[in-house]
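What follows is a short report on a single structure.
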Amino acid sequence: MNKQEALYNYTLRLADDTLIIGHRVSEWCGKGPILEEDIALTNISLDLIGQATLLFEYLAEFNEDGKSSDDIAFIRHANEYKNVLLCEQPNGDFGQTIVRQFLYSSFAQIFYRELMKSKDAKLAAIAEKSLKEVKYHVKHSAEWIIRLGDGTEESHKRVEESIDYLWKYKNELFFTDEVDTLMIAEGIAPDMKEFENEYNTFINHILSEATLEIPTHGWEQKGGRTGVHTEHLGFILAELQYMQRAYPNMEW
Amino acid sequence: MSNKEWPLWEVFIRSKQGLSHKHVGSLRAPDAEMAISNARDVYTRRSEGISIWVVESEKVIASNPSDGDSLFDPAESKVYRHPTFYDVPDGISHM
């Protein structure tokens, strides 16, 4: 694998993470528990899809086949999507969506902070813009975790179940293979292994403040980065790809 | 499940430096911090502001509409309270 291929794959993974979790959050549009939260979730979704747009536009710049950013984003099979499994997990109840966002955004906050130092000017610029948005996503989800965890008996129980369900997916955020190794060597990607402790410390700190039990099992579920997905991705793609499949090359 | 509704908050936004905060509307939130957060999402998503105040609606003391006669009507006959009886120098345009 040469540097160009690695950069493409590396960027595609980031693009897919933001696209898929952005789409998931967008499923709340019009269904939020209250008007204020409906708007908050929709804003977050738009932030994430905006980040995805920048990343897919970057991918379109160095694709030899003349594929547009829409082609790359929408016209692929499920096993060609490289998002981590966490991003495609169902919304569940409000608490589960918040836990998913918290686990993802807490990672993204550290990740973008480090990616700002990338030798790839485009990725560094996207990281700088995204970081401001992600900081708010962390604040929003962490505040909710604390309130739900330290809220009523039912909210505590429900959010604890969500943490237990999603816990196995969080370590894939730190997935590393030859793509990452090459990008780290080139000074393009941060070595996220160095920040795993910082991430876990932060997560555990918020969970403790929320009086929630931190799962002790180390069971991990991986696959998204290599194209092996949970059954949920197919359903997301059916909805996400409908317009491009039904009306190929359509534009808005 | 409790049906207790979250308290109502009044939202004030300062649109830019030098201007005062202006009342823009209200919203519901469980506490002050979330009220700021919600106000940011509901009222500043199109770059409307640089600063937010929230005040719990029940903390706002309002004048009673039925007191309107005694509070406001007496001012109507006092035109001399308006600074209109002297000449404004040229060059002062926003008086």
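Chains as they are written, first to last, in the numbering used here: chain X, 752 to 1003; chain D, 757 to 851.
Glycine included, each C-beta is placed from N, C-alpha and C at the ideal position.
Query raised in the report: Are three or more beta carbon pairs between the region 762-769 of chain X and the region 798-815 of chain X nearer than 8 Å?
Result: These segments touch.
Report task. Tell me whether serine 849(D) is buried or exposed, calling it buried when 16 or more other Cβ atoms sit within 10 Å of its Cβ. Result -> exposed
Report task. Measuring only between beta-carbons, confirm whether tryptophan 809(D) sits less than 9 Å from chain X. Result -> Under the Cβ criterion of 9 Å, tryptophan 809(D) is not counted among the residues facing chain X.
Report task. With DSSP collapsed to three states, give me the class of leucine 764(D). Result -> strand
Requested in this report: Please work out which residues of its chain come closer than 7 Å, Cβ to Cβ, to glycine 703(X), disregarding the five sequence neighbours upstream and downstream, and give them in chain order.
Outcome: Residue 703(X) lies beyond the range of chain X shown here (752 to 1003); nothing can be said about it.
**Report entry** Residue range of the beta strand (DSSP E) that includes isoleucine 808(D)
**Finding:** Per DSSP, isoleucine 808(D) belongs to the beta strand (DSSP E) from 807-812.
Requested in this report: Tell me whether the beta-carbon of leucine 963(X) lies closer than 9 Å to the beta-carbon of valine 910(X).
Outcome: yes
Requested in this report: Let me know the secondary structure DSSP gives glycine 781(D) once reduced to three states.
Outcome: strand
Query raised in the report: Going straight from the alpha carbon of proline 786(D) to that of serine 869(X), what length do you get?
Result: 40 Å
Requested in this report: Mind checking the region 786-808 of chain D against chain X and listing, in chain order, the residues whose C-beta falls within less than 7 Å of any C-beta there?
Outcome: Flagged, chain order: Pro786, Glu789, Met790, Ser793, Asn794, Asp797, Val798, Arg801.
Requested in this report: Just list the alpha helix (DSSP H) runs in the region 881-944 of chain X, keeping only unbroken ones of 4 residues or longer that don't cross its boundaries, in chain order.
Outcome: 904-917, 929-936
**Report entry** Cβ of alanine 791(X) within 9 Å of any chain D Cβ
**Finding:** yes
Query raised in the report: Relative to the C-alpha of glutamate 1002(X), which residue among Ile785(X), Ala757(X), Leu770(X), Ser820(X) is closest?
Result: Ser820(X)
**Report entry** Cβ contact check for the region 830-846 of chain D and the region 791-798 of chain D: 3 or more pairs under 8 Å
**Finding:** Contact between the region 830-846 of chain D and the region 791-798 of chain D is absent, with fewer than three C-beta pairs closer than 8 Å.
Report task. Would you give the residue range spanned by the alpha helix (DSSP H) that histidine 850(D) belongs to? Result -> Where histidine 850(D) is concerned, there is no enclosing alpha helix (DSSP H), given that its DSSP letter is neither H nor E.
**Report entry** Between the CA atoms of serine 913(X) and serine 906(X) - distance to the nearest angstrom
**Finding:** 11 Å
Report task. Quick one: give me the first and last residue of the alpha helix (DSSP H) that isoleucine 823(X) is part of. Result -> Residues 820-825.
Query raised in the report: How would you label leucine 799(X), buried or exposed, when you count the other beta carbons within 10 angstroms and need 16 or more for buried?
Result: buried
Query raised in the report: If you draw a straight line from the C-alpha of histidine 888(X) to the C-alpha of serine 826(D), how long is it?
Result: Straight across, the Cα-Cα distance linking histidine 888(X) with serine 826(D) is about 51 Å.
Query - Three-way DSSP call (helix, strand, coil) for isoleucine 769(D) in this model - result: Isoleucine 769(D) sits in a strand when the DSSP states are folded into three classes.
Query raised in the report: Are the beta-carbon atoms of glutamine 840(X) and arginine 898(X) separated by less than 9 Å?
Result: No, the pair does not count as a contact, with Cβ atoms beyond the cut-off.
Query - Anticipated Cβ contact below 8 Å, leucine 770(X) with methionine 934(X), distance rounded - result: That pair is no contact at about 20 Å.
Report task. Specify the secondary structure class of arginine 801(D) as computed by DSSP and reduced to three states. Result -> coil
Requested in this report: Kindly indicate the opening and closing residues of the alpha helix (DSSP H) around lysine 960(X).
Outcome: For the sequence presented, residue 960(X) should be read as glutamate rather than lysine. Counting along the chain, the alpha helix (DSSP H) containing glutamate 960(X) begins and ends at 947-960.
Report task. Name, please, each residue of chain X whose Cβ falls closer than 7 Å to the Cβ of leucine 783(D). Result -> Glu787
Requested in this report: Just mark methionine 790(D) as buried or exposed, buried being the case when its beta carbon has 16 or more other beta carbons within 10 Å.
Outcome: buried
Query raised in the report: How many whole angstroms separate the CB atoms of alanine 829(X) and leucine 984(X), which I take to be in contact at a CB cut-off of 8 Å?
Result: 5 Å
Report task. Identify the continuous alpha helix (DSSP H) that holds tyrosine 761(X) and give its terminal residues. Result -> Looking at the DSSP string, the run of the alpha helix (DSSP H) that includes tyrosine 761(X) is 754-777.
Query raised in the report: Can you tell me the Cα-Cα spacing of leucine 917(X) and lysine 772(D), whole angstroms?
Result: Cα to Cα, the separation comes out at about 42 Å.
Requested in this report: Look up phenylalanine 841(D) in the DSSP assignment and say whether it is helix, strand or coil.
Outcome: coil
Query raised in the report: When the cut-off is 9 Å and only beta carbons count, does lysine 890(X) lie next to chain D?
Result: yes
Query raised in the report: For the candidate residues Ile826(X), Ser796(X), Glu778(X), Glu756(X), whose alpha-carbon lies nearest to that of proline 999(X)?
Result: Ile826(X)
Report task. Determine which residues of the region 894-917 of chain X have a Cβ less than 8 Å from any Cβ of chain D, and write them out in chain order. Result -> Glu894, Arg898, Thr903, Glu905
**Report entry** Close beta carbons around histidine 777(D), own chain, < 6 Å, minus the five adjacent residues each side
**Finding:** Phe768, Arg770, Trp809
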